[in-house]
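Shown next, in structure tokens, is the structure this report addresses.
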Ligand code: MN
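In the numbering used here, the protein residues as written are 16 to 309.
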């Protein structure tokens, strides 16, 4: 682990300039190393100004997004796939311009509940589109990280094994998996084993509780999650993701089913999450070191 990040929606559901700057300042004040900006609409803000402010605060940044059904690259409609490809290419450019190197999220299909099985043709459209986007992203020093999410939020990639097969199909060195403990807790037989399976192809991870609220106040077995991250030598950012009806984004909150108030005070939540993650990671590292001592 090189640092601890936090999802911007802990702070604000808005993506206008002043809201994003406020979120960045709160992120730095709470001791995080990275902020994740979701679903950025470049019409709403001045990218170079945000990049300068991030640098001034000493913060790294990652970008995540989910494709809309109107730009679903796993569709069998050529126009819809082309629209999705354009959305991804724009997101890659924004990622680069912000000074980030990671684009994550549900970038292989629409983000939402499907009412049909995925198709072989749609799967191939997604892989072929991502290969083209990855070629252009590589030239901008941006990696693509496919977020494996639960069955209610995509029909294409619900498990790590499915994600790894997709990476083989895309066959580009700058495409990785983006795992998330909230989703893994639903879909994986063993989240710990899934992280070990991903190994060096894990590019990014969201740490979220089973109810998306306070870490430790749910059913995710974080000791085993961090044991697995230590075991694979995970050397990248670990980002806290939590949602409450207290902070509402009109799109993501509805798609992700955020109906309940799991917290009201985001400063206390964030500070707790940062120390929880740091302590769990340290404990796991000590367990590994102690075990290895003859
Ligand atoms: Mn996530």
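Here a beta-carbon is modelled for each residue, glycine too, at the ideal position from N, C-alpha and C.
Residue i Cβ short of 6 Å to the ligand MN heavy atom set
i, result
"residue 195", "yes"
"residue 100", "no"
"residue 221", "yes"
"residue 256", "yes"
Range covered by the alpha helix (DSSP H) that runs through residue i
i, result
"residue 206", "206-213"
"residue 82", "Careful: residue 82 lies outside any alpha helix (DSSP H), inside the beta strand (DSSP E) at 75-82."
"residue 195", "Not the alpha helix (DSSP H): residue 195 falls in the beta strand (DSSP E), residues 190-195."
"residue 11", "In this structure the chain extends from 16 to 309, so residue 11 is not present and cannot be described."
"residue 185", "175-185"
"residue 63", "62-72"
Proximity of residue i and residue j at Cβ, strictly below 7 Å
i, j, result
"residue 192", "residue 213", "yes"
"residue 144", "residue 185", "no"
"residue 252", "residue 82", "no"
"residue 120", "residue 79", "yes"
"residue 32", "residue 60", "yes"
"residue 161", "residue 123", "yes"
"residue 158", "residue 218", "yes"
"residue 155", "residue 111", "yes"
"residue 187", "residue 139", "no"
"residue 167", "residue 230", "no"
"residue 47", "residue 262", "no"
"residue 170", "residue 202", "no"
"residue 233", "residue 278", "no"
"residue 118", "residue 163", "no"
"residue 286", "residue 38", "no"
"residue 299", "residue 242", "yes"
"residue 237", "residue 295", "yes"
"residue 62", "residue 69", "no"
"residue 137", "residue 91", "yes"
"residue 29", "residue 56", "no"
"residue 113", "residue 66", "yes"
"residue 12", "residue 270", "No answer is possible for residue 12: it lies beyond the span of the chain, which begins at 16 and ends at 309."
"residue 189", "residue 153", "yes"
"residue 211", "residue 182", "no"
"residue 260", "residue 273", "yes"
"residue 34", "residue 27", "yes"
Residue range of the beta strand (DSSP E) that includes residue i
i, result
"residue 36", "From DSSP, residue 36 is part of no beta strand (DSSP E) but of the alpha helix (DSSP H) over 32-44."
"residue 172", "No beta strand (DSSP E) holds residue 172; DSSP gives it neither H nor E."
"residue 51", "49-53"
"residue 18", "18-22"
Residue-level contact to chain B via CB, residue i, 7 Å cutoff
i, result
"residue 73", "Absent from the structure: chain B. Only one protein chain is present."
Identify every run of the beta strand (DSSP E) within the stretch 112-141, keeping only runs that are complete inside it and at least 3 residues long; order them along the chain. 117-125
Threshold first: 4 residues or longer. Then list the alpha helix (DSSP H) segments lying entirely within the stretch 208-281, N to C. 237-246, 267-270
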